[in-house]
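**Q** Okay, so the sequence shown: first residue is 303 according to UniProt numbering, each after it adds one. Once you've had a glance at the structure underneath, I'll fire off some questions.
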Amino acid sequence: ATMPPLLSAMANAGRHGVLVKSAVVMERLGQVDAVALDKTGTLTEGTPRLTELRPLSGPGLPGLSERELLTLAAAAEHPSEHPLARAIVAAARARSLPLPDAEDFASAPGLGVTATVGGRVVRVGAPARLLDGPAAPADATRRDAARDAVAELEGAGRTAVVVLADGVPVGVLGVADRLRPDAAGTVAALTALTDAAPVLVTGDNEPAARRLAADTGITDVRAGLLPQDKVTAVRELQAAGHHVLVVGDGVNDAPALAAADTGVAMGRAGSDLALETADAVVVRDELAAVPTVVGLSRAARRLVA
Ligand code: ADP
Ligand code: MG
């Protein structure tokens with residue numbers, strides 16, 4: 303017997319390294335006419351590296367050494383599966399730093415982590431969240447020094463990560479990630495398939511997001527988004543009548559993957575929550591497989607019709 307077109311398309315998707323979870327998903331992929339892409343781990347390789355360590359000090363306030371700063375940040379990040387956390391922990395390992403145990407670990411998707419390390423409450427995360435707003439540190443000298451370091455690193459296209467100890471900014475870390483080699487090709491293929499360039503939806507800072515977007519042919523950039531803001535972006539596209547494809551990898555992408563008409567997760571570095579929530583998983587870590595399976599779905603739909 304010959305296989306029904308959608309089943310053979312699923313098998314074909316599998317050969318391209320994409321696990322499509324059901325025939326319904328296989329069919330729906332072909333209806334997609336708008337795409338929202340996550341940045342870190344999706345357009346980028348998702349194995350960012352620590353590039354700068356900037357301990358902060360103020361008048362009368364002795365600063366930490368670079369090693370102390372990295373030890374504190376890595377200890378707090380150790381339980382996190384976020385790509386930035388992995389970069390920080392890997393840098394500590396590369397320097398053979400012994401990591402003290404962290405207690406009371408908590409993570410806020412898209413924002414950062416909190417943990418108690420050596421009796422100090424350590425927070426590591428997004429500068430906007432840790433330096434501005436109601437929770438801004440009282441210590442103005444170090445807060446301003448932290449803001450300066452953040453501006454400098456972000457201006458250089460880095461993702462800046464702020465470290466607070468007991469509410470005091472003690473350092474800023476710079477992290478850099480590489481664009482996937484097939485990112486620009488994938489954006490071009492998705493643009494051709496949907497007659498519109500994908501939208502970039504990221505929790506990261508605007509300069510880093512714009513720089514990356516420009517290298518791929520994306521012009522619509524939504525930066526500094528919380529997980530729920532990514533959902534809002536998807537809903538807006540849907541309200542305009544689009545069938546929306548979301549591609550993401552993180553815990554912070556899970557709500558948008560669920561809201562999408564079709565959600566696709568990047569498998570290699572993807573969080574468990576993203577893999578469970580998505581309708582399909584790119585197992586072989588090739589972003590270019592995403593437009594390929596959209597094309598497979600369209601071909602199968604033509605045969606079914
Ligand atoms: P993206 O949407 O590009 O994948 P995320 O939403 O995962 O980015 O993260 C957005 C921002 O939240 C990061 O740029 C960082 O500032 C902060 N952040 C999230 N998780 C962590 C973490 N574990 N450690 C440090 N910062 C974090
Ligand atoms: Mg991500």
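Virtual Cβ for every residue (Gly too), placed ideally from N, Cα, C. Owing to the predicted nature of the structure, the values given are computational and were not obtained by experimental measurement.
Quick one: residues in its chain with C-beta nearer than 8 Å to the C-beta of residue 440, no 5 flanking neighbours on either side, listed in chain order?
**A** Your numbering for residue 440 matches position 138 in the sequence shown. Same-chain partners within the cutoff: 469.
**Q** Count the other CB atoms, across all protein chains shown, that sit within 10 Å of the CB of residue 483; report buried if there are 16 or more and exposed otherwise.
**A** As a first step, residue 483 is located in the sequence shown; it is residue number 181 there, counting from the start. Exposed, by the Cβ-count rule.
**Q** Just to confirm, are residue 412 and residue 505 a CB contact at a threshold of 8 Å?
**A** Taking the first residue of the sequence shown as 1, we reach residue 412 at position 110. Taking the first residue of the sequence shown as 1, we reach residue 505 at position 203. Contact: yes.
**Q** What would DSSP say about residue 406, mapped onto helix, strand or coil?
**A** Here residue 406 refers to the residue found at position 104 when the sequence shown is read from its first residue. Strand.
**Q** Measure the beta-carbon distance from residue 343 to residue 552 and round it to whole angstroms, keeping in mind my assumption that it falls under 8 Å.
**A** As a working note, residue 343 is residue 41 in the sequence shown. As a working note, residue 552 is residue 250 in the sequence shown. About 6 Å; that satisfies the 8 Å criterion.
**Q** Rounded to whole angstroms, what's the CA-CA distance from residue 325 to residue 315? Just pull it up for me.
**A** Counted from its first residue, the sequence shown places residue 325 at position 23. Counted from its first residue, the sequence shown places residue 315 at position 13. So the alpha carbons of these two residues sit roughly 11 Å apart.
**Q** By the three-class DSSP mapping on this structure, what secondary structure does residue 481 have?
**A** For the purposes of this step, residue 481 is taken as the residue at position 179 of the sequence shown. DSSP places residue 481 in strand when its eight states are reduced to three.
**Q** So does the segment 475-489 actually touch the segment 459-466, counting three or more Cβ pairs closer than 8 Å?
**A** Cβ pair count under 8 Å is three or more, so yes.
**Q** Exposed or buried, which one is residue 340 when buried takes at least 16 other CB atoms within 10 Å?
**A** Within the sequence shown, the letter at position 38 stands for residue 340. Result: buried.
**Q** Between the Cα of residue 346 and the Cα atoms of 522, 500, 511 and 526, which residue gives the shortest distance?
**A** Position 44 of the sequence shown, counted from the first residue, corresponds to residue 346. When only C-alpha atoms are compared, the closest one is 511.
**Q** Does residue 305 come out as helix, strand or coil in the three-state DSSP assignment?
**A** Position 3 of the sequence shown holds residue 305. Three-state result, residue 305: coil.
**Q** Using DSSP's beta-bridge definition, name the partner residues of residue 354.
**A** Counted from its first residue, the sequence shown places residue 354 at position 52. DSSP output for residue 354 lists 476 as bridge partner(s).
**Q** If the criterion is Cβ atoms closer than 8 Å, does the pair residue 322 and residue 328 meet it?
**A** Stepping through the sequence shown from its first residue, residue 322 is reached at position 20. Stepping through the sequence shown from its first residue, residue 328 is reached at position 26. Yes.
**Q** For residue 508, does the count of other Cβ atoms within 10 angstroms reach 16, so buried, or fall short, so exposed?
**A** On the sequence shown, residue 508 is found 206 positions in, with the first residue counted as 1. Exposed, since its Cβ has fewer than 16 Cβ neighbours within 10 Å.
**Q** Could you check what DSSP says for residue 524 in three-state terms: helix, strand or coil?
**A** Start at 1 with the first residue of the sequence shown, and residue 524 comes out as number 222. Strand at residue 524.
**Q** Measure from the alpha carbon of residue 402 to the alpha carbon of each residue in 378, 416 and 385, then state which is nearest.
**A** Against the sequence shown, residue 402 aligns to sequence position 100. Of 378, 416 and 385, the residue nearest in Cα terms is 378.
**Q** The beta strand (DSSP E) with residue 418 in it runs from where to where?
**A** The residue labelled residue 418 in the question sits at position 116 within the sequence shown. Segment 414-419, the beta strand (DSSP E) holding residue 418.
**Q** Does residue 320 come out as helix, strand or coil in the three-state DSSP assignment?
**A** Here residue 320 refers to the residue found at position 18 of the sequence shown. Note: residue 320 maps to strand in three-state DSSP.
**Q** Please report the residue range of the alpha helix (DSSP H) in which residue 371 lies.
**A** On the sequence shown, position 69 is the one that residue 371 refers to. Counting along the chain, the alpha helix (DSSP H) containing residue 371 begins and ends at 368-379.
**Q** Anyone know if the C-beta pair for residue 394 and residue 417 falls short of 8 Å?
**A** The residue given as residue 394 occupies position 92 in the sequence shown. The residue given as residue 417 occupies position 115 in the sequence shown. It is not a contact, given that the beta carbons lie outside the stated cut-off.
**Q** Throw me the rounded Cβ distance for the residue 415 and residue 427 pair, which I believe falls under 8 Å.
**A** Numbered from its first residue, the sequence shown carries residue 415 at position 113. Numbered from its first residue, the sequence shown carries residue 427 at position 125. Rounded, the Cβ-Cβ distance is 6 Å, consistent with contact.
**Q** Taking the CB atoms as reference points, tell me whether residue 546 and residue 563 lie closer together than 8 Å.
**A** Here residue 546 refers to the residue found at position 244 when the sequence shown is read from its first residue. Here residue 563 refers to the residue found at position 261 when the sequence shown is read from its first residue. It is a contact, given that the beta carbons lie within the stated cut-off.
**Q** Taking the alpha-carbon positions, what's the residue 357 to residue 406 distance?
**A** Along the sequence shown, one-based indexing puts residue 357 at 55. Along the sequence shown, one-based indexing puts residue 406 at 104. Spanning the two alpha carbons is a distance of roughly 24 Å.
**Q** With a cut-off of 5 Å, give the chain-ordered residues whose Cβ is closer than this to any heavy atom of the ligand MG.
**A** My final list is 340, 342, 343, 551 and 552.
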